[in-house]
Every structure is written in structure tokens, then in C-alpha cells.
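Those protein sequences? They're chains L and X, same order as listed.
Numbers 1 to 527, taken from my numbering, label the letters of the first sequence in order.
Numbers 1001 to 1360, taken from my numbering, label the letters of the second sequence in order.
Everything on this sheet refers to the single structure shown next.
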Amino acid sequence: MLDASTPEHSAQPSTEAPPIVTFEGVTKRYPGIIANDSIDMEFRAGEVHVLLGENGAGKSTLVSMLSGLQQPDDGRILIDGVEKPISSPADALDIGISTVFQHSMLVPSLTLVENATLGRKWWQAPDRAGTAGAMKTAAERIGVTLDPMALTGDLSLGERQQAEITRALMRGARFLILDEATAMLTPNDAARLGELMQRLAAEGMAVVFITHKLNEAVAYGDRISVLRLGKKVGGLTPEELKSLDAQEATNQVVRLMFGTQGAQSGDAERPDMSTVDRDAKPTLELLALYADSGRVPLSNIEFKVWPGEILGIAGIDGNGQKQLAAALAGQAPISDGRVVLDGDYIDRMSIGQRRAKGMRYVTDDRLGEGTVGTFPMSINLLLKEIGEAPFWRSGLEQPEAIRENARRQVRDYDIRTPSIETPIGKLSGGNIQKVLLARELSGSARVVIFEKPTYGLDLANIAATQTRIRETAQSGAAVILISTELDEILALSHRIAVMDQGEIKGIVENTDGARHKIGELMSGVKK
Amino acid sequence: MSTQTMTETGSTDRFRAKLQSMSGVLLMSLGPVVAAFILSGIILLILDVNPFSYYGYVFGRGLLSPTGVQATLTRMGPLLLIAAALIVAFRAGIWNLGGDAQFLIGAVFCAAWTPLMAPHVPVWLGLLAGAAISAVFGGIWALVPAFLRAYQGLNEIITTLMMNFLGISFASVLVKLVFLDPTTTVPQTRTLAVDDRLPTLFGTTISSGLVIGLIAILGVHFMMTRTAFGLRLRVVGGNASAAVHAGLAVPLLTVAVFAISGALAGLSGGVAILGQYGNVRADWNPGYSLAVVPLVFLARFNGFAAIGFVALFSILSIGAESAARRTGIPNYFTLVTIGILLVMLAISEYYGAKRQKAGA
């Protein structure tokens, strides 16, 4: 089915084709953050334009401006060389811009034809036969085989995406955005989608392909643009891509994405190794840990953390980091393997027993599971010690002890709150995080899991939190730092484990070149 | 001179601010009540009934006549127990709407077995055993939804309502087939002799069930606000994920909440039998629980406020029975007033939150 047409890449005059959409100095600000900082970019017909970047680099913002969901605060958007805002998704469709997401947007209980007729006015009868014909023609044009009468729910995700692309073509799309479309696909389906992209470009369409996987970017892309912290930091032109072999191109992209060139400053604040005592027995040891029940199953996770050490866990969000933290803290069941803390097996223990052994978990879901938003901050400080002396005696609340504890923590952790009785949900994110830190770090902590500890905080609170993490390790606890911010992980951790799809892809010592190695492990270049 | 004036202005300003905040609180709590009576009055006007004479009858009977006020206070006993049952559950985030069946099952078993025991034991022991029976069976009836919710995650609103249908029918079947009093022809249980019932208070006709109800609701209020167990329940109700994260045994706590709530609702049935009715007739269902649900919401799950709203409801419902005979307005009109009150309170809360936001 795929051999209908093989694109002749060299014959494609891609650089001379006119751009369909041009960004000139496009800027988009959110409170406290510049998501896109004067981006200049051209999206040409006949090109697969790959957008690369870490989480939070600004890819999603850029795509939402292309598809009319967001408006730029500054700069111009040119359509076919004429300045014209894309003011709504309907506007985008009129221009011919269509988006395919990583999750299918088709109704599973309807057939493909019925899905394709959904856009019609409510008083029009769906023309099933006609639409089916049009669908078949469109599919043949791009070398896709599909049965218009098939029930969407019976198709694989890859087939559904092909159907979505076909539907976009039927609606006259000439500009196709594939937003992490390969993220959930099997390698085979992903390769098929890659070939389809190239055929679409050969047909004269503009394709924008967003991915985390560098090998896909180099294999299917005609042009690569790399975003970092909201800025376009560079890219590869079609000429460069053609002249470089895959390995060279990948190396160059890794350098752009993870900023290896500018890494000197980051390397300078490498953590102090003197606190780590690798001769001692490891504080925490994971032995072939499996957990099947979560959204991302964990398989065969093994690592050790020594006292005073910070083990960073890097990886793209949603690759099992949360499941790992929950399994260690006791919130999620472990299906196989063992966890050893200070020489004792803790994998059968309850959450409370693990906490008593010194296991602490600073969750990133601060209001979702870390606190009860409507409760006073003083009670939230003791949420994991309800019923314990001196705050409760024979089951009865001791208000003065609870207030005293809150006043002390407010002082020690510099928590800015109108009063210790203020409902915690009314505090700022930084102060809620301070409450969580005060709660988890008090007492004798042996292992502390920090999950995205600086997520959503301002600069001052980020610095304060990072200092706490360092101090925690210096006091002799084993620290696991889960973060999607590579800079943070490199600045704090002694070793870095890279997680991908519920597995540890490798553990790297934080020495020169660690950034590059992590980048490769994260992008799936090395197997 | 001028400084003195300034301090004076300062203190009057402070006084005015205090007055303003006090009047604000008063307006927020009494405003909805007044508005509810006005709107109910308009509905009465539409029904061609003079609202002043209707409410004159209601309060004249429910609050101002000696027999009426005694009936009002007696009725408050079981209602307060129901309110206590609901406060435990609602504060823990569990919407136990099966109180009617828990009440009836408790009442039926209490009415079936206490009269059999009473002749052979001291009065106090008979009463204690009767109360215990009603609490135990009320609690048992709540266990099915408890386990379904705790271990299968089934929505307790659906299951408790379904258990209502089953429980109300089951109570009727028990009365007609199993616990039938062989000496009468009407289907009802044996009757507890008046001497064996709960004592009345200070030579009036007020049942001491009122005292039990007051103790229960104050005890529940204390438990929920001052004890570690109550706090655990409130954490589960406030944020179930946080409860899991903090290591609380959520399923076990859920079952405990259902058991306590069901037991209190069952005890309410027991108190109604031991204090007032003495027996259960087939197809008897006063529907107290679903009537008290809005009251507990009006009280925002606060025990003290609940006493006030239960008293108001008790006055209205006792008064409405007499007003019904004179004006032809069925006594369900009380529920209309309560319903309007609930809507008025929601509206005032909405504007209160808006005003607070604007002020901040």
C-alpha cells in the first residue's frame, strides 16, 4: 500500500517554493513567562518542517498560534506573503491549516465516513456514499488504503491518524500540523506516517512535524528548527540536511537543543561531590522493580542511591517518573521486584510505615494531592502526622502545639502567609511548596523524592527550593530529583538516570559531556 | 484638640466598620430566610391563601401554643439524630442519601424486639437495648453501599438511593409478615407500653429523645472539629487524593463513616419508636432523612447551625399540619419553603463570594 509513489527528494525545489505562513518576530507572553520570543520562521509548501525542543521550549504555543487558538502579542503573521491574523480555528481551516494531534480526534463509535461528514450543517443529510467516494480518492492520492465504512474504534491509532490526514485533505488542507503525532505510535506505524509526510510534501503541501525523537526528525524532515526557552536557537536548512549524514545531523541538533556549546556556565555549578559517601552502604536500592498498574508501566528499574547523593531522573514528562515516585512512596502497587531502605525491604510496607522509616515524597501535584486546599496551612503542615503526639493527645487536637509548630515552620522555611489559619489554597505556588518542604523535610528523612520541585515557581522560590535540595543531601539523606528541566538536574545531581517509557535508559555520572549523553539517551538516539 | 477629634473619628470609623461587618453577617444569614418567607408568601397568594393567616397558623401552632411547642421539641429528637448522621457523612465527602431506609430498618427491629424484652428487664435496660438494636441495624443497612464505595468505587449517591427503595419495602414486608402483632388486625408491630418508653422531660410531653438528639449532634460536631479521627474523615472529604498521599486508610475510613452515619440514622428511628410512636405500622415512612438533607446544607455541616435549622423545620412542619386543616394547603408546603430557602442561600453565597473577590 505504501509503494504507490516514492518521493523524489532531490527533485523537490523546496527552497524556492513560496512560504504559506511566515512568522516575523512573533512573541507570545504568559504571566511571568515569555513562551515565544520574537520567532522568525517560514513554513513553505513542499517541505516537512520539523520543530524540535524540550518541554516548555514553546512548541505548543507556536502551534496554537498557527491553528488559531492563540493570538501573538507582538510581531506579524503573513499568509501567502500578506499580513493576516489567524483569529480562530475556523479561520485556520479556511486558510487550509489542519492539525492532527497525538490523540485521535475522531469519534470512535462512528465510521470513518460519518466522522468525515460531521462538519456539515445540521439540516443537511449526511451524504455517506458521496463522502466515501471522495474519501477513497483523497486516500489514493496520498497512497493510503482505508475502508471508509470501517468503525473508527476498530482501527489502530496509526490508521486513525491516516484517516484524519485524509479528512484534512478532503477539506482542502494545504498546511498540515502533526503535533507529536508519532508519540503514541508503534515504530512501524511511525515509519509509515513518516513516509506519508514526505509524500504529502511532494504533493506540494506544507507539513509541520513536532516530535521529541531526533531520529525521526532527521529521517523525515526537510528543514529543522530548534526552540529553546521560547527562542529559536537555530536549525538545519534543507541543504545542510542533505549534505550531512544522519549521525552528524543528529549531533548538531543535540548541540542546539541541549545547548552543549553554552554549557560551560552550567558545568561550573556542578554539585559538590564531597558529601557523597559511595563506600558506605547505599541508603536506597531498587531491585528489578516492575509496576504494571499505572498509566505508564514501569519495567526492570534498578538503581542505588548513596547517603548524601542526589540522583537526578531526567526524561520527557510522562515517561513513568510519576509512577516511579508513587511506587517508592507506597501510593501505587509494585508488581514485582524489591525496594531496600537502610537494609530493610520496604516494598510491602504501607505509606505510613515507609514514612516512619524515613521515606519522604515532595509531590509536584501540590494542590491535587499534596494539600487540602480549604484547610488551614497549620493543619496541612501536619497532614501526614494526624493523631501523633504532641499535636494530638489520646485523639484530641492540641491547638496550641499545632499553632506553635506552624509558627516555627513559617519562620524556618520563610513561608509568607497572612496567618497560620489561612486556607493553603489561597497561598501562592511558592509558599505552598515551602509548606510541603517543611512537612517532608522535618524529622529524620532518609530518602527524599523531589518531583518537579521548581515547576511553576518564580526565580526566588526556585533558588530557595534548590538550596533546600542541596541541604537535604548534605544532611546525609539520599535524594531522588525528578525533573524535566535538564539545567536543574545538571546543576544539582551527582548522577543522572534517564527515563523513557517506564524504563531507565542509562545512568550517567555528572561529568563533562553529561549533557550530551543525556540528550542522546532522552532522544532515543542510543538504544 | 484636633488629635482628639482624630482619635474619635478613628474609633467611630472602627465602630462603623465593625457594625458594617456585623450587619453584613446578619444580612447574609437572615436575608435568605426573610426572602424565602416572602417568596413562599407570594406562592400562597397565587394559591389564593392569605400568607399572613397561613404563617399565623403555622407559628401559632408550632411555636406559640403549649402543646404545639412540645410537639415541635419532641419531633426535633429524631431529626437532630438524622442531621448528625448526615453531617458525619457529608463532611467526609460521602453523600449518604439512604437515611430513610436506615431510619426505618432501625425503627422496625427496635419496635419488633423491645416490646418483647420490656416486660422482663428494667426499663432503662430495655430502652438501652432498643436503642442499640436500632443503631446496629441502621449501621448494617449502610454497609452494602459502604463496601461498594470503598472497594469498588461505586457512586454512593446511586447505591444509597437504591438501598432506600429496598429498605423501605423490606421494612414493610417485615412488619406485615414477620413482626406482625398477632393481637391486632392492622398490620403493625407490637406496641411498647407507655411506661416502658423514653421518659418525658419536666412533666411536659416533650420526649427525652430531644436530649439524645442534642447530645448526638454536639458530639458529632466535636468529633469532626476537635479529634484526630474527625480530621482524618475531613481530609478524605476535602481531597481524597491528598488522603491517599498522606497514607490514610481511605477504604477503611469510608466504611467507618457509613457505619457511623447509618447507626445514627438507625438510632433516630429507634428514638422515634421508643419516645413517640411505640410501634411501626406497615408502609410508615416519615421521610425525615431527605427532608433534613437541605437543612444540613443550610447549616454548612455545622452542628450548632443545624440545631437552629432543625428547630425551624420542626416548627414549620408541626405548624403546617395544623395550618393544612384550616387553609387546605398540604403540609408538604414546608418543603417548598425550605427549598426556596436553599436557593436563596445559594444566591446570597454567590453574591457574598463575588463581593469578597471585589473587595480583595
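No residue lacks a Cβ here, since even glycine has one placed at the ideal position from N, Cα and C.
Values in this document were obtained by computation on a predicted structure and should not be read as measured data.
Ranked by how close their Cα comes to the Cα of residue 1347 of chain X, the residues X/1017, X/1020 and X/1036 have X/1036 in first place.
Distance from the Cα of residue 149 of chain L is smallest, within the candidate group L/112, L/139, L/140 and L/126, for L/112. Contact between the segment 1219-1230 of chain X and the segment 394-407 of chain L is present, with at least three C-beta pairs closer than 8 Å. Residues of the segment 1221-1253 of chain X with a C-beta atom less than 7 Å from some C-beta of chain L are 1226, 1227, 1228, 1229, 1231, 1232, 1235, 1238, 1239, 1241, 1242, 1244, 1245, 1246 and 1247, listed in chain order.
Between the segment 1297-1312 of chain X and the segment 1206-1221 of chain X, the count of Cβ pairs shorter than 8 Å is three or higher; the stretches touch. Here residue 230 of chain L has 34, 35, 36, 37 and 58 as same chain residues with Cβ atoms under 6 Å from its own Cβ, once five neighbours each way along the sequence are excluded. Residue 181 of chain L has its alpha-carbon roughly 10 Å from the corresponding atom of residue 189 of chain L. Cβ neighbours of residue 29 of chain L within its own chain (closer than 6 Å, five residues either side excluded): 73. Taking 8 Å as the upper bound on Cβ-Cβ separation, chain X lies near no residue of the segment 431-445 of chain L.
Neighbourhood of residue 422 of chain L in chain X, by CB distance below 9 Å: empty, with the nearest CB roughly 13 Å away. Between residue 1104 of chain X and residue 1171 of chain X, the C-beta gap is smaller than 8 Å, which places the two residues in contact.
Close CB contacts of residue 386 of chain L within its chain, under the 8 Å cut and outside five residues either way in sequence, are with 392 (chain order). Residue L/354 holds the alpha-carbon nearest to the alpha-carbon of residue 449 of chain L among L/416, L/429, L/354 and L/520.
Sequence-distant Cβ neighbours of residue 440 of chain L in its own chain, meaning closer than 6 Å and more than five residues away, are 360 and 362.
Taken through DSSP and simplified to helix, strand or coil, residue 18 of chain L comes out as coil.
By the neighbour-count criterion, in which a residue is buried when 16 or more other Cβ atoms sit within 10 angstroms of its Cβ, residue 121 of chain L is exposed.
Chain X places no beta carbon closer than 8 Å to that of residue 299 of chain L, leaving this residue out of the contacts. The CB of residue 355 of chain L comes closer than 8 Å to the CB of 1247 in chain X, given here in chain order. In chain order, 1238 make up the part of chain X whose C-beta sits under 8 Å from the C-beta of residue 374 of chain L. Where residue 422 of chain L is concerned, there is no enclosing beta strand (DSSP E), because DSSP gives it neither an H nor an E.
Residue environment: residue 1076 of chain X is assigned as buried (16 or more neighbouring CB atoms within 10 Å of its CB, all protein chains considered). C-alpha of residue 1323 of chain X to C-alpha of residue 1313 of chain X: approximately 15 Å in a straight line.
Taking residue 42 of chain L as the centre and dropping the five residues before and after it, the same chain places the C-beta of 19, 21, 22 and 23 closer than 8 Å to its C-beta, in chain order. With respect to chain X, the C-beta atom of residue 396 of chain L has a partner C-beta closer than 8 Å. In summary, residue 435 of chain L is buried, with 16 or more beta-carbon neighbours lying within 10 Å of its beta-carbon over all protein chains present. The beta carbon of residue 25 of chain L sits closer than 6 Å to the beta carbons of 38 and 75 from its chain, once the five residues preceding and following it are set aside; these are given in chain order. Secondary structure of residue 376 of chain L (DSSP, three-state): strand. CA-CA distance, residue 1207 of chain X to residue 1125 of chain X, rounds to 18 Å. For the options L/195, L/204, L/151 and L/196, the alpha carbon positioned closest to that of residue 175 of chain L is the one of L/204. For residue 430 of chain L, the enclosing alpha helix (DSSP H) starts and ends at 429-441. When the beta-carbon positions are compared, residue 1236 of chain X and residue 1250 of chain X come within less than 8 Å of each other. Counting only runs of at least 3 residues, the segment 62-129 of chain L fully encloses the following beta strand (DSSP E) elements, listed from N- to C-terminal order: 74-79 and 97-100.
Residue range 214-220 is occupied by the alpha helix (DSSP H) that includes residue 218 of chain L.
Rounded to the nearest whole angstrom, the CA to CA distance from residue 1178 of chain X to residue 1080 of chain X is 30 Å. One finds 1247 in chain X with Cβ atoms closer than 7 Å to the Cβ of residue 350 of chain L, taken in chain order. Within the DSSP secondary-structure output, residue 1097 of chain X pairs in no beta bridge.
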